[in-house]
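Let me begin by presenting the structure, written as structure tokens, before commenting on it.
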Amino acid sequence: MSLKDEIKNAVGTHGMWKKKLKSAVVSGKIDVQISAIKADDQCSFGKWLYGTTITEKQKNSNHYQKVCELHAVFHEKASKVAQFAISSNKAAATKMLEVNGEFSEASASLTTAMLAWLKEAK
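Below you can see the structure in the form of structure tokens.
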């Protein structure tokens, strides 16, 4: 898959995490291990990001470095929300999912960085 396709898919896939996490807050359950959520190299985008198909030129770009950094933060915050949700700390999980919450801000920052990389790639 091309750089453009990988980024477009990642924006959509990572955007769906908010819905999944909100569901976890309501149910107190999530169908993914917290350690897998936290690992930024286990999702399809992370596997691509750290894999062998991305070129050295792409890896040396400022966009790549920024996306890697923000992608790791996104996964850290998502795992924190999930942990709160399954440990019955719904208030803390909900706060992270609010507009100015830690998860929402991490998600928005990652999306902005991915879209900037996508724009440069066109």
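Just so you know, the sequence shown maps onto residues 1340 to 1461 in the working numbering. A virtual CB, placed ideally from N, CA and C, is assigned to each residue, including glycine. All values reported here derive from a predicted model rather than from experimental measurement.
{"query": "Cβ distance (whole Å) where residue 1423 is taken to contact residue 1432 below 8 Å", "result": "4 Å"}
{"query": "Helix, strand or coil at residue 1376 [DSSP, three-state]", "result": "helix"}
{"query": "Local Cβ density within 10 Å of residue 1420, reported as buried at 16 or more and exposed below that", "result": "buried"}
{"query": "Exposed unless 16 or more other CB atoms sit within 10 angstroms - verdict on residue 1379", "result": "buried"}
{"query": "Element boundaries [alpha helix (DSSP H), containing residue 1443]", "result": "1441-1460"}
{"query": "Separation of residue 1369 from residue 1428, as counted between CA atoms", "result": "14 Å"}
{"query": "Cα-Cα separation between residue 1456 and residue 1446, rounded to whole angstroms", "result": "15 Å"}
{"query": "Contact between the segment 1352-1369 and the segment 1396-1409 (3+ Cβ pairs under 8 Å)", "result": "no"}
{"query": "Nearest to residue 1452 (by Cα), restricted to the options 1341, 1355, 1413, 1441", "result": "1413"}
{"query": "Distance, residue 1349 Cα to residue 1383 Cα", "result": "8 Å"}
{"query": "Integer-rounded CB distance, given that residue 1441 should sit under 8 Å from residue 1416", "result": "5 Å"}
{"query": "Per-residue burial, residue 1388 [other beta carbons within 10 Å of its own, 16 or more giving buried]", "result": "buried"}
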